[in-house]
Amino acid sequence: MPTFVQIIEFIGTFAFAISGIRLASAKQFDWFGAYVVGLATAIGGGTIRDLLLGVTPFWMTTPVYIICSALALLWVIFFGKLLIRLHNTFFIFDSIGLALFTVVGVGKTLALGYPFWVAIIMGSITGAAGGVIRDVFINEIPLIFRKEIYAVACVAGGLIYWLSSLLELTPMLMQIFSGITVFIVRLLAVKYQICLPILKGHTE
Amino acid sequence: MPTFVQIIEFIGTFAFAISGIRLASAKQFDWFGAYVVGLATAIGGGTIRDLLLGVTPFWMTTPVYIICSALALLWVIFFGKLLIRLHNTFFIFDSIGLALFTVVGVGKTLALGYPFWVAIIMGSITGAAGGVIRDVFINEIPLIFRKEIYAVACVAGGLIYWLSSLLELTPMLMQIFSGITVFIVRLLAVKYQICLPILKGHTE
Amino acid sequence: MPTFVQIIEFIGTFAFAISGIRLASAKQFDWFGAYVVGLATAIGGGTIRDLLLGVTPFWMTTPVYIICSALALLWVIFFGKLLIRLHNTFFIFDSIGLALFTVVGVGKTLALGYPFWVAIIMGSITGAAGGVIRDVFINEIPLIFRKEIYAVACVAGGLIYWLSSLLELTPMLMQIFSGITVFIVRLLAVKYQICLPILKGHTE
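Read top to bottom, the protein sequences are chains A, B and C.
Residue -2 is where the first sequence starts when you use my numbering, and the numbers rise one by one after that.
Residue -2 is where the second sequence starts when you use my numbering, and the numbers rise one by one after that.
Residue -2 is where the third sequence starts when you use my numbering, and the numbers rise one by one after that.
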């Protein structure tokens, strides 16, 4: 029986892979290319985190992420049109994935003995770097650098994790508060179209 | 005296570097830039593999790959025009390189105790990821995501490696069958212009 | 009290981050995106070096680089216009940073027991790879591959480091000669607009 966290992780991986595969399909990628982009979106952030932390990348110990991304490809191939109608569902899934990935990233970094400021960065990388790799692969400027409150939601979740630890809450509560923060910041940002200010350029 | 495998590896490295340098030259890169792109094409896949496996990148133990890529640059500078006529020769060299890189990648991963599914992924990364880095550097969508049967040939070779091991063949035979599979799949795909299906996009 | 080297390193990090943030601002990045690009420009080269060397990335042991890049963002937000007038000052800072980063990269690699040819490559990666990541993030062909004598200055500095060691100079002198070489090569290249030859393409 998979645990509750494993089920959420599967949903998050699936949603992340779908986002990569859909953007790849808009650029005429073939099935293999779309799969690689989906996989990179889903596992790219955690892979960079694990390389920086000096541990074996998480997806090399179980094939579940490889399989989950393959299921996401099949889903897009067979039910591609349905995705448009399910847009809101996938947005929720994606946000749940973002929240869980962030919490997992922060927790893993702390467990390795790093200070909190490193853990917050690693949580944000876990949640957001996959999307950056996706956008590099499809040759676009990364979305999260220009439009979306995405990584900022991860940073907020990481800060709440830290505050919860200062209050000496139990690890379980720290993770729940942190994850809910990521989820809510992301939802509110999209609902009310909140953006960060654009940096004005002063070119010579 | 270099061994047979070392000679093939040199030929493969040379062919991969040539492919990077030629694409860089089409984009007006200077000599240094072309060299870096050629080098990254040749050693990029193996470097990512070694980082994921947690071992020292292979090219840091002998300068032969650095030198081989420099020779490839000199070749393009002095005999650039000749390359067009030698197109088929270089295609063969490139496919030999792909086959050998894949086999080396699979073998190295198995030797470190990883399961076969990880080894097949690592073999494919060894063969194909250098080309992805090349295309990111020249700011194009990676070729292997849209047009070419390339990484799929690596996956096929990895699967044959695995099947050969199930049949308890000798390591030498496993590697030969695996390498020949990569080579033939790649050749047939190009000769008969076999492509994977394009993923249809359903945009909102 | 920070040491002399720490002060130079701070100036170099600041100048590198400024270069990333300015280019990001020209592409309408938001504050967060500009910060990430600035940070990646400043610490990207050293991070790749440390991953290749198999050691913990340098910036994960002290938050000074994260803070320094944040200060660079604030500087651009508040004094952006001033940057155009200070162009020459920042060019000097950037070149000082390049020199120091190269020397640090060469020294760290040698201290880990690698041969000089690896150290020269690592010095160049430390100095120049951050700019490559920056240009990938803003979706441009890396500047150093087409126009600028930049990484070549690092290579020259690395060679001088090596020559100084053959002459059995003290480590301090090796580093000073090496750093000055990087600085002067970069300055002369910009002042006299020296470029490497462009590689002519022979397309089919």
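Even glycine gets a Cβ: it sits at the ideal position worked out from N, Cα and C.
Query - Top-ranked residue by Cα proximity to residue 148 of chain A, from A:67, A:178, A:196 and A:74 - result: A:178
Report task. Following the continuous alpha helix (DSSP H) through residue 15 of chain B, name the residue where it begins and the one where it ends. Result -> 1 to 22
Query raised in the report: Start and end of the alpha helix (DSSP H) containing residue 98 of chain B?
Result: 84 to 108
Requested in this report: With residue 151 of chain C as the anchor, note down where its alpha helix (DSSP H) starts and where it stops.
Outcome: 148 to 163
Query raised in the report: Start and end of the alpha helix (DSSP H) containing residue 132 of chain B?
Result: 113 to 134
Requested in this report: Could you tell me whether the Cβ of residue 24 of chain A comes closer than 8 Å to any Cβ of chain B?
Outcome: yes
Query raised in the report: Which value, in whole angstroms, describes the spacing of the CA atoms of residue 64 of chain A and residue 126 of chain A?
Result: 21 Å
Query raised in the report: Just the Cα atoms here: how many angstroms apart are residue 93 of chain B and residue 155 of chain B?
Result: 15 Å
Query raised in the report: Is residue 96 of chain A near residue 176 of chain A, with beta carbons less than 8 Å apart?
Result: yes
Query raised in the report: Could you give the distance in angstroms between the alpha-carbon of residue 145 of chain C and the alpha-carbon of residue 137 of chain A?
Result: 24 Å
Query raised in the report: Among B:169, B:11 and B:172, which residue has its Cα nearest to the Cα of residue 88 of chain B?
Result: B:11
Report task. With DSSP collapsed to three states, give me the class of residue 173 of chain A. Result -> helix
Query raised in the report: What residue from B:81, B:48 and B:5 has the CA that sits closest to residue 198 of chain C's CA?
Result: B:81
Query raised in the report: Whose C-beta lies closer than 8 Å to the C-beta of residue 70 of chain A among residues of the same chain, with five residues either side of it excluded?
Result: 14, 18, 28, 31, 32 and 35
Query raised in the report: Where residue 108 of chain C and residue 111 of chain A are concerned, what is the direct C-alpha to C-alpha distance, given to the nearest angstrom?
Result: 25 Å
**Report entry** Between the CA atoms of residue 117 of chain B and residue 99 of chain A - distance to the nearest angstrom
**Finding:** 29 Å
**Report entry** Of the listed residues B:-1, B:4, B:39 and B:186, nearest to residue 66 of chain B (C-alpha basis)
**Finding:** B:39
Query raised in the report: With 16 other CB atoms within 10 Å as the buried threshold, where does residue 6 of chain C fall?
Result: buried
Requested in this report: Just the C-alpha distance for residue 172 of chain C and residue 158 of chain C, rounded to the nearest angstrom, thanks.
Outcome: 7 Å
Report task. Check the Cβ-Cβ distances between residue 201 of chain A and every residue of chain B, and say whether any is below 8 Å. Result -> Below a pLDDT of 50, predicted positions are generally treated as unreliable, and residue 201 of chain A, at 48, falls in that range; no measurement from the model is reported.
Query raised in the report: What whole-angstrom Cβ distance do residue 196 of chain B and residue 133 of chain A have, given they're in contact under 8 Å?
Result: About 19 Å; that fails the 8 Å criterion.
Report task. Within its chain, find whatever has a CB closer than 8 Å to the CB of residue 139 of chain B; leave out the 5 residues flanking it on each side and keep chain order. Result -> 128, 129, 132 and 133
Requested in this report: Kindly say whether residue 143 of chain B, judged by its beta-carbon, lies nearer than 8 Å to any beta-carbon of chain A.
Outcome: yes
Query - CB-CB length for residue 120 of chain A against residue 102 of chain A, believed under 8 Å - result: 4 Å
Query - N-terminal and C-terminal residue of the alpha helix (DSSP H) that residue 47 of chain C is part of - result: 28 to 50
Query - Candidates A:194, A:16, A:122 and A:190: closest to residue 50 of chain A by CA position - result: A:122
Query raised in the report: Which residue comes first and which comes last in the alpha helix (DSSP H) that contains residue 62 of chain C?
Result: 61 to 76
Requested in this report: Mind listing the chain C neighbours of residue 114 of chain A? Cutoff is C-beta to C-beta under 8 Å, in chain order.
Outcome: 60 and 63
Query raised in the report: Who are residue 141 of chain B's beta bridge partners in DSSP?
Result: Paired residues: none, contrary to the question.
Report task. Would you please state the rounded distance, in angstroms, between the beta carbons of residue 8 of chain A and residue 90 of chain A? I believe it to be under 8 Å. Result -> 5 Å
Query raised in the report: Looking at C-alpha atoms only, which residue of A:1, A:61, A:26 and A:54 is the closest neighbour of residue 135 of chain A?
Result: A:26
**Report entry** Helix, strand or coil at residue 191 of chain B according to DSSP, with G and I counted as helix
**Finding:** coil
Query raised in the report: Count the other CB atoms within 10 Å of the CB of residue 194 of chain A; is the residue buried (16 or more) or exposed (fewer)?
Result: exposed
**Report entry** Nearest-angstrom beta carbon gap, residue 174 of chain A and residue 161 of chain A [assumed within contact, 8 Å]
**Finding:** 5 Å
Query raised in the report: Closest by CA to residue 4 of chain B, which one among B:56, B:170 and B:61?
Result: B:61
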